[in-house]
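Participant: So that we are looking at the same thing, I have put the structure below in structure tokens.
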Amino acid sequence: MISIIVKEMMKACASLSRRASTEIARRLVAMYPNSRQDVIEGDVVGQYHSLVKQIQARIENGERSSSAMIQKCKKEDQMTQMNETSESQQENQKQMKILSEQTSFVPEEVKNLMKCTSYSQRKAVNKGADLQILIEEWPFLFQEIGMTVHFEELTVVPLKQTFLTCLEKKAKRLETTCADKSKRVLEAVVKLRMHRGQLERSSEDVKDLMLLLS
5 MISIIVKEMM
15 KACASLSRRA
25 STEIARRLVA
35 MYPNSRQDVI
45 EGDVVGQYHS
55 LVKQIQARIE
65 NGERSSSAMI
75 QKCKKEDQMT
85 QMNETSESQQ
95 ENQKQMKILS
105 EQTSFVPEEV
115 KNLMKCTSYS
125 QRKAVNKGAD
135 LQILIEEWPF
145 LFQEIGMTVH
155 FEELTVVPLK
165 QTFLTCLEKK
175 AKRLETTCAD
185 KSKRVLEAVV
195 KLRMHRGQLE
205 RSSEDVKDLM
215 LLLS
């Protein structure tokens, strides 16, 4: 049902906003309240928010699949622009293998090599190569320094900064949810608050909470 709705919406507009999804969901619930309202055990707990989320998820999935080929072309163009060839990619890969076996290396050198070979990394991953083979062929891909570069090259999103920002936003909910689920966690939360002597909760509280439970 949702896929049919989104398909018809896409015919009218190829780029759909959340506002458009919300308006469509609102109208559908108004027309079919018994089947489209958010109801739990007979009680109406919402109007059309679940439907909006379903529509948005379907739209995003469609955009993700349609952009896969575009992303591939961009990466190929990027490799050309960086004067990279299959041979140079292999040489850079060999260099990273050598560096991974050393006790110390220059981080910037590894980051640069990871950026230069990002196309080949994705190609290996998308082929479904065995995990052990990937570890052997791309050792830095499984270390923080390489993982971060790979993620940022793929998504243009700073991995660590994004994670910490999300943790900061969700800290209160995480702490409350954990405390509600386990007596042990609740005791740790109480102990943490007494120790910190603060009412406000932040990502630091969540980090300390995890340490208390470890």
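For the sequence shown, my numbering gives the first residue as 5, with consecutive numbering after it. Where is the CB? At the ideal position from N, CA and C, for every residue including glycine.
For S21, count the other beta carbons within 10 Å of its own beta carbon; 16 or more makes it buried, fewer makes it exposed. Which is it?
Facilitator: It counts as exposed.
Participant: Just verifying my parser: in three-state terms, what is the DSSP assignment at V48?
Facilitator: Reliability fails at V48, whose pLDDT of 46 lies under 50, so the model's placement of it is uncertain and no value is given.
Participant: For Q93 and Q99, what's the separation of their Cα atoms in angstroms?
Facilitator: Each residue's alpha carbon lies about 10 Å from the other.
Participant: Below 8 Å, can you find three or more Cβ-Cβ pairs linking the stretch 163 to 174 to the stretch 117 to 127?
Facilitator: Too few Cβ pairs lie closer than 8 Å, so no.
Participant: Tell me whether the beta-carbon of K115 lies closer than 8 Å to the beta-carbon of V153.
Facilitator: Their beta carbons are under 8 Å apart, which means K115 touches V153 by this criterion.
Participant: With 16 as the cutoff for other CB atoms within 10 Å, does A34 come out buried or exposed?
Facilitator: It is exposed - the Cβ of A34 has fewer than 16 other Cβ atoms within 10 Å.
Participant: Does the separation of the CB atoms of K119 and E157 fall below 8 Å?
Facilitator: Cβ distance < 8 Å, so K119 and E157 count as in contact.
Participant: Is Q60 helix, strand or coil by DSSP?
Facilitator: Q60 falls in the helix class under three-state DSSP.
Participant: Taking C120 as part of the alpha helix (DSSP H), name the residues at either end of that continuous run.
Facilitator: First-last of the alpha helix (DSSP H) with C120: P111 to C120.
Participant: For P111 and G150, what's the separation of their Cα atoms in angstroms?
Facilitator: For P111 and G150, the distance between alpha carbons rounds to 10 Å.
Participant: Among residues of its own chain, excluding the 5 on either side of Q58, which ones have a beta-carbon nearer than 8 Å to its beta-carbon?
Facilitator: Around Q58: I6.
Participant: Select from E95, F144, I28 and T169 the residue whose C-alpha is nearest the C-alpha of Q106.
Facilitator: With distances taken between Cα atoms, Q106 lies closest to F144.
Participant: At 4 residues or longer, what runs of the alpha helix (DSSP H) sit wholly inside the stretch 115 to 171?
Facilitator: Within the stretch 115 to 171, the complete alpha helix (DSSP H) runs of at least 4 residues are 122 to 130, 135 to 141 and 148 to 159.
Participant: What would DSSP say about S186, mapped onto helix, strand or coil?
Facilitator: Correct three-state label for S186: coil.
Participant: Rounded to whole angstroms, what's the CA-CA distance from V194 to A61? Just pull it up for me.
Facilitator: Each residue's alpha carbon lies about 38 Å from the other.
Participant: From L203 to A183, what distance separates their C-alpha atoms?
Facilitator: For L203, the predicted structure reports a pLDDT of 46, less than 50, and the residue's modelled location is therefore unreliable. A value from the coordinates is still provided. Looking at the two C-alpha atoms, the distance is approximately 15 Å.
Participant: In its own chain, which residues sit with a C-beta less than 7 Å from the C-beta of L117, not counting the 5 before and 5 after it?
Facilitator: N96, Q99 and M100.
Participant: Can you tell me where the alpha helix (DSSP H) with S108 in it begins and where it stops?
Facilitator: From DSSP, S108 is part of no alpha helix (DSSP H); its letter is neither H nor E.
Participant: Does the beta-carbon distance from I63 to S108 come in below 8 Å?
Facilitator: Cβ distance not < 8 Å, so I63 and S108 don't count as in contact.
Participant: Under 8 Å Cβ to Cβ from C225, same chain only, skipping five residues before and after it: list those, please.
Facilitator: The chain is shown from 5 up to 218; residue 225 falls before or after that span and cannot be answered.
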